[in-house]
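Student: Could you have a look at this structure, given as structure tokens, before my questions?
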Amino acid sequence: MQAATSLFLILHYLFLISSVIFIFVQTDLISTPSTILSSPIEYLTGVSAIRGDLLRKELNIFSFRDLLEHYPLRHIDRTKVDKINHLNEYADYAQVAGRLISKQIVGEKRGRRLVAQLKDDTGIMELVWFQGIQWVEKILHIDKDYLVFGKLSFFLSKPQMAHPDIEPYTAQNATGKSFLEPVYPSTEKLKSRGLNGKAIGKLTQELFNKISENDLPENLPESVLQQYKLMNSYDAFRQIHLPVSLNHYEQAVRRLKFEEFFFAQLSIQLIKLNRLKTVKGIKFEKLGELFNSFYNNYLPFALTNAQKNVLKEIRRDTGSGKQMNRLLQGDVGSGKTMVALLSILMAADNGYQSVLMAPTEILAQQHYNTITAQLEQLPVNLKLLTGSTSAKERKTVLQGCEDGTIHILIGTHAIIEDKVVFKNLGFAVVDEQHKFGVAQRARLWKKSSVPPHILVMTATPIPRTLALTVYGDLDCSIIDELPPGRQPVTTIHRNESARPQIMDFIKEQLSLGRQAYIIYPLIEESSKLDYENLMKGYDEVKSFFPEPKFWISMVHGKQTAEQKETNMQRFFKADTQILVGTTVIEVGVNVPNASVMVIESAEKFGLSQLHQLRGRVGRGADKSYCILLTGNKLSNDARERMKIMVGTNDGFKIAEKDLELRGPGEMEGTRQSGTLDFKLASIVDDKAMLEVARTTVEQILEKDPELQSPENLPVNNHLLHQKAKTRWSKVG
Ligand code: ADP
Ligand code: MG
Numbered sequence: 107m108q109a110a111t112s113l114f115l116i117l118h119y120l121f122l123i124s125s126v127i128f129i130f131v132q133t134d135l136i137s138t139p140s141t142i143l144s145s146p147i148e149y150l151t152g153v154s155a156i157r158g159d160l161l162r163k164e165l166n167i168f169s170f171r172d173l174l175e176h177y178p179l180r181h182i183d184r185t186k187v188d189k190i191n192h193l194n195e196y197a198d199y200a201q202v203a204g205r206l207i208s209k210q211i212v213g214e215k216r217g218r219r220l221v222a223q224l225k226d227d228t229g230i231m232e233l234v235w236f237q238g239i240q241w242v243e244k245i246l247h248i249d250k251d252y253l254v255f256g257k258l259s260f261f262l263s264k265p266q267m268a269h270p271d272i273e274p275y276t277a278q279n280a281t282g283k284s285f286l287e288p289v290y291p292s293t294e295k296l297k298s299r300g301l302n303g304k305a306i307g308k309l310t311q312e313l314f315n316k317i318s319e320n321d322l323p324e325n326l327p328e329s330v331l332q333q334y335k336l337m338n339s340y341d342a343f344r345q346i347h348l349p350v351s352l353n354h355y356e357q358a359v360r361r362l363k364f365e366e367f368f369f370a371q372l373s374i375q376l377i378k379l380n381r382l383k384t385v386k387g388i389k390f391e392k393l394g395e396l397f398n399s400f401y402n403n404y405l406p407f408a409l410t411n412a413q414k415n416v417l418k419e420i421r422r423d424t425g426s427g428k429q430m431n432r433l434l435q436g437d438v439g440s441g442k443t444m445v446a447l448l449s450i451l452m453a454a455d456n457g458y459q460s461v462l463m464a465p466t467e468i469l470a471q472q473h474y475n476t477i478t479a480q481l482e483q484l485p486v487n488l489k490l491l492t493g494s495t496s497a498k499e500r501k502t503v504l505q506g507c508e509d510g511t512i513h514i515l516i517g518t519h520a521i522i523e524d525k526v527v528f529k530n531l532g533f534a535v536v537d538e539q540h541k542f543g544v545a546q547r548a549r550l551w552k553k554s555s556v557p558p559h560i561l562v563m564t565a566t567p568i569p570r571t572l573a574l575t576v577y578g579d580l581d582c583s584i585i586d587e588l589p590p591g592r593q594p595v596t597t598i599h600r601n602e603s604a605r606p607q608i609m610d611f612i613k614e615q616l617s618l619g620r621q622a623y624i625i626y627p628l629i630e631e632s633s634k635l636d637y638e639n640l641m642k643g644y645d646e647v648k649s650f651f652p653e654p655k656f657w658i659s660m661v662h663g664k665q666t667a668e669q670k671e672t673n674m675q676r677f678f679k680a681d682t683q684i685l686v687g688t689t690v691i692e693v694g695v696n697v698p699n700a701s702v703m704v705i706e707s708a709e710k711f712g713l714s715q716l717h718q719l720r721g722r723v724g725r726g727a728d729k730s731y732c733i734l735l736t737g738n739k740l741s742n743d744a745r746e747r748m749k750i751m752v753g754t755n756d757g758f759k760i761a762e763k764d765l766e767l768r769g770p771g772e773m774e775g776t777r778q779s780g781t782l783d784f785k786l787a788s789i790v791d792d793k794a795m796l797e798v799a800r801t802t803v804e805q806i807l808e809k810d811p812e813l814q815s816p817e818n819l820p821v822n823n824h825l826l827h828q829k830a831k832t833r834w835s836k837v838g
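Numbers 107 to 838, taken from my numbering, label the letters of the sequence shown in order.
In structure tokens, the structure reads:
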């Protein structure tokens with residue numbers, strides 16, 4: 107009995123202890139990031155204070171985890187044995203097997219070195235040591251076979267290796283070890299401290315001696331690993347650095363890329379879910395007097411089906427009681443402005459003010475003019491606010507926004523300044539959004555206690571993958587239809603020698619009553635050369651098209667807002683037939699009578715810019731032309747861009763190509779976003795995987811939006827760690 111009781115007690119205690127351990131292990135997994143991985147990098151053997159400093163400065167490696175995420179550039183295949191006579195100057199590293207035929211310490215003082223010769227069945231190579239000479243000399247034996255690995259150099263076209271790795275050549279290594287040695291990105295400064303691409307590998311190796319699987323718990327749900335046959339987290343890290351085979355390496359990369367996409371998508375979709383859950387939205391109850399009256403009496407044309415559909419989406423969103431955050435993509439000339447205007451009228455009908463924000467003064471002014479004319483018969487008060495609004499006018503505008511007498515405010519960045527306060531802002535339109543950063547968009551939110559509905563419009567179509575990553579928290583509408591009667595713009599590519607014919611062609615078009623743009627590149631606002639070219643071009647155009655038969659407007663960034671405005675107005679009113687300018691006219695400018703767009707030095711423009719510029723013509727019923735003028739010698743890249751422009755008018759196709767040619771980091775609007783900071787994954791090369799990650803995340807969140815199920819616990823956990831990490835790095 108006694109024994110039974112004690113046994114019971116023992117078992118009981120064991121149970122208690124084990125559950126404590128269990129809880130301990132659990133909480134360790136759940137709430138605290140692996141302490142070892144957050145250790146400062148100096149805690150690693152081989153990292154002195156100086157090296158630690160350099161690693162931080164040069165590679166942003168602060169902690170063990172940072173080193174873990176510093177992935178190799180490539181691996182050297184150490185299973186391959188090279189023949190000495192086949193070594194060439196293009197190979198960085200080589201591995202050679204042979205017999206040691208001589209060793210000798212030569213030189214004096216600083217020039218003192220150990221020189222050895224290794225011979226295989228094709229030739230002889232020299233091995234040199236400048237340090238540790240005595241010791242190396244002792245371990246090397248003449249007439250023994252060695253396997254040597256190191257960085258190749260050539261002296262008098264003979265191969266050499268300094269400080270190679272050397273080991274006896276045995277039956278085992280004769281068959282070749284399966285060993286891919288990692289080489290890491292490094293910098294000159296680090297190299298001068300002995301941390302070249304290979305030496306960093308020694309640190310990684312050391313790191314793996316210190317950590318175990320427990321330090322890198324799985325962060326993806328088991329079912330996802332199974333479904334897509336993904337390697338687990340620890341193995342992936344181990345195999346990307348120190349793979350046992352090429353296949354393992356590739357699987358590791360695949361898994362880590364997936365993880366990057368997965369968590370990026372997860373945070374984007376969580377932001378959206380969270381917004382829908384917590385942010386209140388203004389509810390537009392009705393379509394009222396203003397909307398109906400305008401729609402029935404003043405609409406200058408019938409809406410396209412695409413426009414109608416987008417309006418329905420906006421109507422649904424704004425009537426739902428949730429805040430709308432919508433991205434409206436539509437190719438140049440697809441009629442986004444009218445969609446915006448009708449939405450603004452919906453807001454006004456429900457007693458709310460609206461803003462329409464444009465990226466340039468010209469564009470703001472243009473919107474203001476068109477919309478003022480269109481709303482002339484309606485009781486709405488419309489005002490313009492830009493950087494060049496006079497102090498007096500500005501005061502009136504600020505007053506009117508605050509007391510609610512202004513219903514629609516159109517303007518530039520000026521309208522998001524803190525001084526601009528609204529009585530009840532309900533709707534905000536951001537036109538040609540790629541010139542606005544995410545931060546600027548966010549400022550609009552704060553203009554009202556309940557954030558206004560936001561419609562972001564872009565005429566630079568965004569490739570789907572980019573939209574998913576950068577704007578994934580926005581809902582997306584697409585106008586994929588141009589107003590009827592538009593003829594596609596014909597694009598041709600010519601070089602300098604065709605200039606006279608082109609001028610004749612313009613003359614012909616002008617004689618039909620049309621207008622023309624001639625655009626010069628302005629790469630930098632301050633570039634003197636670019637301005638000189640523009641002025642030279644202007645004079646040239648003038649000599650072809652002399653006054654008073656022809657009149658020319660010129661618009662560029664060095665003019666005052668007033669000068670620009672005057673020149674643009676003359677062109678709008680067809681007082682001038684030609685507009686010579688820089689890309690200040692790039693976005694949005696609408697002169698339907700213009701039928702020719704000549705782009706000078708077209709090779710200097712990016713694809714989306716060329717497409718934008720081309721979009722300035724073909725806006726009326728007349729046949730329009732875009733002429734790309736370039737020099738004779740073009741880079742392959744430039745030639746490709748011209749070819750694409752000539753080949754298609756489809757903005758979405760062009761955007762895809764642009765992304766391929768330039769890479770995601772270069773796309774407008776993405777630079778500040780931070781959502782593209784993938785270490786391994788690429789939204790260009792790994793499109794399919796991005797889609798998979800996205801749907802996977804969607805499915806998970808649909809079933810378990812709080813990520814509380816046991817299966818999703820690792821995911822939730824990882825998110826918490828990430829948050830903790832960002833908080834800390836902010837503190838740091
Ligand atoms: P974008 O989408 O590039 O901003 P705009 O809104 O400036 O295009 O519209 C381009 C031109 O097409 C304008 O002159 C506009 O009045 C006209 N437009 C817009 N919608 C229609 C339509 N449904 N039918 C005919 N013309 C239209
Ligand atoms: Mg527009």
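No residue lacks a Cβ here, since even glycine has one placed at the ideal position from N, Cα and C. None of these values were measured; they are calculated from a predicted model.
If P327 sits next to V821, beta carbons under 8 Å apart, how far is it from one beta carbon to the other, in whole angstroms?
Tutor: By one-based count along the sequence shown, residue 327 stands at place 221. By one-based count along the sequence shown, residue 821 stands at place 715. The C-beta distance from P327 to V821 rounds to 6 Å, short enough to fall under 8 Å.
Student: Anyone know if the C-beta pair for S707 and P606 falls short of 8 Å?
Tutor: Position 601 of the sequence shown holds residue 707. Position 500 of the sequence shown holds residue 606. Their beta carbons are not under 8 Å apart, which means S707 does not touch P606 by this criterion.
Student: Which same chain residues, not among the five before or five after Y644, have their C-beta less than 6 Å away from its C-beta?
Tutor: Taking the first residue of the sequence shown as 1, we reach residue 644 at position 538. M660 and V686.
Student: Less than 8 Å between the CB atoms is what I'm expecting for L713 and K763, so what's the real figure, rounded?
Tutor: Position 607 of the sequence shown, counted from the start, is the residue given in the question as residue 713. Position 657 of the sequence shown, counted from the start, is the residue given in the question as residue 763. That pair is a contact at about 6 Å.
Student: Shorter than 7 Å, the distance from the beta carbon of F407 to the closest heavy atom of the ligand ADP, or not?
Tutor: Residue mapping note: residue 407 aligns to position 301 of the sequence shown, counting from 1. Yes.
Student: In the structure shown, what three-state DSSP assignment does L825 receive?
Tutor: If you number the sequence shown from 1, residue 825 lands on position 719. L825: helix per DSSP, three-state reduction.
Student: According to DSSP, is G261 part of a helix, a strand, or is it coil?
Tutor: On the sequence shown, residue 261 is found 155 positions in, with the first residue counted as 1. Note on identity: in this sequence residue 261 is Phe, with Gly being the wrong assignment. Strand at F261.
Student: Should T511 be counted as a contact of the ligand MG given a C-beta to heavy atom distance under 7 Å?
Tutor: In the sequence shown, residue 511 corresponds to position 405, counting from 1. Not so, every heavy atom of the ligand MG lies at least 7 Å from the Cβ.
Student: For N431, does the three-state DSSP call read helix, strand or coil?
Tutor: On the sequence shown, residue 431 is found 325 positions in, with the first residue counted as 1. It is a strand residue.
Student: Since A470 and G441 should fall inside the 8 Å C-beta cutoff, what is the C-beta to C-beta distance between them, to a whole number of angstroms?
Tutor: One-based indexing of the sequence shown puts residue 470 at position 364. One-based indexing of the sequence shown puts residue 441 at position 335. In this structure A470 does not touch G441 by the C-beta definition: roughly 19 Å separates them, more than the 8 Å allowed.
Student: Nearest to L206 by CA position, among I182, P558 and M231, is which residue?
Tutor: Working through the sequence shown from its first residue, we reach residue 206 at position 100. If we check each option's Cα against that of L206, M231 comes out closest.
Student: Per DSSP, what kind of secondary structure is V702 in: helix, strand or coil?
Tutor: Here residue 702 is taken as the residue at index 596 of the sequence shown, counted from 1. Strand, per DSSP.
Student: Report the start-end ranges of each beta strand (DSSP E) in the region 605-681 that is 3 residues or longer and not cut off at the edges.
Tutor: 621-625 and 658-661
Student: From the DSSP output, read off the bridge partner residues of G581.
Tutor: Residue numbering aside, residue 581 sits at position 475 when the sequence shown is read from its first letter. Before going on, a small fix: residue 581 reads as Asp here, not Gly. The partner list for D581 (beta bridge, DSSP) reads R432.
Student: If distances are taken between C-alpha atoms only, which option among E812, M795, V595 and K163 comes closest to V702?
Tutor: As a position in the sequence shown, residue 702 is number 596, starting the count at 1. Cα-wise, what sits closest to V702 is V595.
Student: Going by C-alpha to C-alpha distance, which of L640, E312, V723 and W657 sits closest to T688?
Tutor: In the sequence shown, counting from the first residue as 1, residue 688 sits at position 582. When each option's Cα is compared against that of T688, the closest is L640.
Student: Quick one, which of Q429, R725, N302 and D251 has its alpha-carbon nearest L165's?
Tutor: Numbered from 1 along the sequence shown, position 59 holds the residue referred to as residue 165. Out of Q429, R725, N302 and D251, N302 has the C-alpha closest to the C-alpha of L165.
Student: Which two residues bound the contiguous beta strand (DSSP E) that contains R205?
Tutor: What you label residue 205 is simply residue 99 of the sequence shown in a count that begins at 1. Start and end: Y199 to V212.
Student: Of all the CB atoms in chain D, is at least one closer than 8 Å to the CB of G158?
Tutor: Reference to chain D is not applicable here, since this structure consists of a single protein chain.
Student: Cutting at 7 Å between CB atoms, please list the residues of its own chain near A680, excluding the five before and the five after it.
Tutor: Here residue 680 refers to the residue found at position 574 when the sequence shown is read from its first residue. Same-chain partners within the cutoff: Q621 and N699.
Student: Beta strand (DSSP E) containing S460: first to last residue?
Tutor: What you label residue 460 is simply residue 354 of the sequence shown in a count that begins at 1. Start and end: Q459 to M463.
Student: Taking all protein chains shown into account, decide if A197 is buried (16 or more other Cβ within 10 angstroms of its Cβ) or exposed.
Tutor: For the purposes of this step, residue 197 is taken as residue 91 along the sequence shown, with counting starting at 1. By the neighbour-count rule (16 or more Cβ atoms within 10 Å), A197 is not buried but exposed.
Student: So, using beta-carbon positions, are I733 and I608 closer together than 8 Å?
Tutor: Translated into the one-based positions of the sequence shown, residue 733 becomes position 627. Translated into the one-based positions of the sequence shown, residue 608 becomes position 502. Against a cut-off of 8 Å, the Cβ pair of I608 and I733 comes out as a contact.
Student: Once the 5 residues before and after L796 are set aside, which same chain residues still bring their CB inside 7 Å of it?
Tutor: Within the sequence shown, residue 796 is the residue found at index 690, counting from 1. F367, T571, L574 and I789, listed in sequence order.
Student: Do you know whose CA, among V242, T228, K186 and Y199, lies nearest K209's CA?
Tutor: Here residue 209 corresponds to residue number 103 of the sequence shown, with the count starting at 1. With distances taken between Cα atoms, K209 lies closest to V242.
Student: Which of the three DSSP states is assigned to G724 in this structure?
Tutor: Looking up residue 724 in the sequence shown gives position 618. Here G724 sits in coil by DSSP.
Student: According to DSSP, is N818 part of a helix, a strand, or is it coil?
Tutor: Counting from 1 along the sequence shown, the entry for residue 818 is found at position 712. Helix at N818.
Student: Is D586 near the ligand MG, judged by its Cβ being under 7 Å from some heavy atom?
Tutor: Working through the sequence shown from its first residue, we reach residue 586 at position 480. Checking every heavy atom of the ligand MG against the Cβ of D586, none is found closer than 7 Å.
Student: Following the continuous beta strand (DSSP E) through Q223, name the residue where it begins and the one where it ends.
Tutor: For the purposes of this step, residue 223 is identified with residue 117 of the sequence shown, where counting begins at 1. Its beta strand (DSSP E) spans residues R219 to K225.
Student: Spell out the partners DSSP gives R800 in its beta bridges.
Tutor: Counting from one through the sequence shown, the residue named residue 800 turns up at place 694. None; R800 has no bridge partner.
Student: Assuming I512 contacts K489 (C-beta within less than 8 Å), just tell me the rounded distance between them.
Tutor: Residue 512 sits at position 406 when you count from the first residue of the sequence shown. Residue 489 sits at position 383 when you count from the first residue of the sequence shown. Rounded, the Cβ-Cβ distance is 5 Å, consistent with contact.
Student: Assess contact between the region 386-396 and the region 449-456, defined as three or more Cβ pairs (one per stretch) separated by less than 8 Å. Is contact present?
Tutor: yes
Student: Could you have a look at K386 and say whether DSSP puts it in helix, strand or coil?
Tutor: The residue labelled residue 386 in the question sits at position 280 within the sequence shown. Reduced to three states, the DSSP call for K386 is strand.
Student: Would you call N403 buried or exposed, if buried means 16 or more other Cβ atoms sit within 10 Å of its Cβ?
Tutor: On the sequence shown, residue 403 is found 297 positions in, with the first residue counted as 1. N403 comes out exposed.
Student: CB-CB under 6 Å to Q435, same chain, minus the five flanking residues each way: which ones, in chain order?
Tutor: In the sequence shown, the residue the question calls residue 435 occupies position 329. T564, P567 and I584.
Student: Per DSSP, which residues does S373 bridge with? Please list them.
Tutor: The sequence position of residue 373 within the sequence shown is 267, counting from 1. None; S373 has no bridge partner.
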